[in-house]
Every structure is written in structure tokens, then in C-alpha cells.
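Okay, so the sequence shown: first residue is 1 according to UniProt numbering, each after it adds one.
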Amino acid sequence: MKKRLPLNNIYAWIPSIVLMIFIFFMSSRQNITVTHEFTTDFIIFKSLHVLEYALLTLLYFHALRKTTHVSYKTGITYAVFMALSYGIFDEVHQTFVPSRSGVPRDVFIDLIGISLMGLILRKYKLFFNKLLSST
């Protein structure tokens, strides 16, 4: 007989899945423009990359800690690897969207957010352990 996953395990992954869908949707849009100034567009969109992937790393970490028995440090490593993998997937996906292009620079920008969150998680281990145990 198959063992069923507890609903709590499924619920723990929903926020990261929702964010992944949002990122995929935004990557599927053609030629998004905020202003006509390159510098303003660049700063706005690349800042969003950093924030999105920092949040995705945190959500992966939370789900991993809730649903697996990995250590805190290993959870960070897995979350960083998963977020980076999704960032690479996102850039490859953009190569198939008309008027978009996947560029390695964006993966490095994603990696800034991923790395920052990894460092924050390491530095504030006590805070995040307390936060995770209360949810």
C-alpha cells in the first residue's frame, strides 16, 4: 500500500510553486517596457530579479525544512541549488519566447538574490529556526 504525503508537506511547497508560476508567467510576456530609459528599466527589472530569487530561495528553504529531515546548513545548500536551477531554467525558457532572450547575465543577477538570502539564512540561524518551528 502506498504511503500518502501529509497535507502539511504539500502545503509547505505551495508558496514556492506559486512564485515559480508567477516567474514563469512574467518570463512568458513579450517585450515588457516600463520607461524608455535603459538605465531605469535595467535597475527596476534587475532589482526584481534579485528580490524574486531571494524570496524563492527562502520559500524553498522553508519547504525543505518542513518536509524533509535535512540539516539547517544542508537545507540552505539545497535551496540555493534549487533556486539557481530555476533561474537557469527561466533563462532557457525565455529563449523560446518571441522578442525575449535568455542571457547569462540574468542568471548572475538572480544569483545575487539567491546568495544574499543564503547568507541571511546562515547569519540569522536562530531567528529562522524559531520562525520555522512556530509555523
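Beta carbons are placed, not taken as given, at the ideal position from N, Cα and C, and that holds for glycine.
Because the structure is a prediction, the values reported are computed rather than measured.
Mind checking which residues open and close the alpha helix (DSSP H) that includes Pro104?
-> Per DSSP, Pro104 is one residue of the alpha helix (DSSP H) stretching across 104 to 123.
6 Å Cβ shell around Gln94 - same chain, five flanking residues per side excluded | Ser27, Arg100, Gly102
With a threshold of 16 other CB atoms inside 10 Å of the CB of Tyr53, please say whether the residue is buried or exposed.
-> buried
8 Å contact criterion, which Ser115 and Tyr60 should meet: CB distance rounded | At roughly 14 Å, the Cβ-Cβ gap does not stay under 8 Å, so Ser115 and Tyr60 are not in contact.
Give the straight-line distance between the Cα atoms of Leu131 and Pro98, rounded to the nearest whole angstrom.
-> 42 Å
Element boundaries [alpha helix (DSSP H), containing Pro6] | From DSSP, Pro6 is part of no alpha helix (DSSP H); its letter is neither H nor E.
Three-way DSSP call (helix, strand, coil) for Leu50 in this model | The sequence as given places Val at residue 50; Leu does not occur at that position. Residue state, collapsed to three classes: helix.
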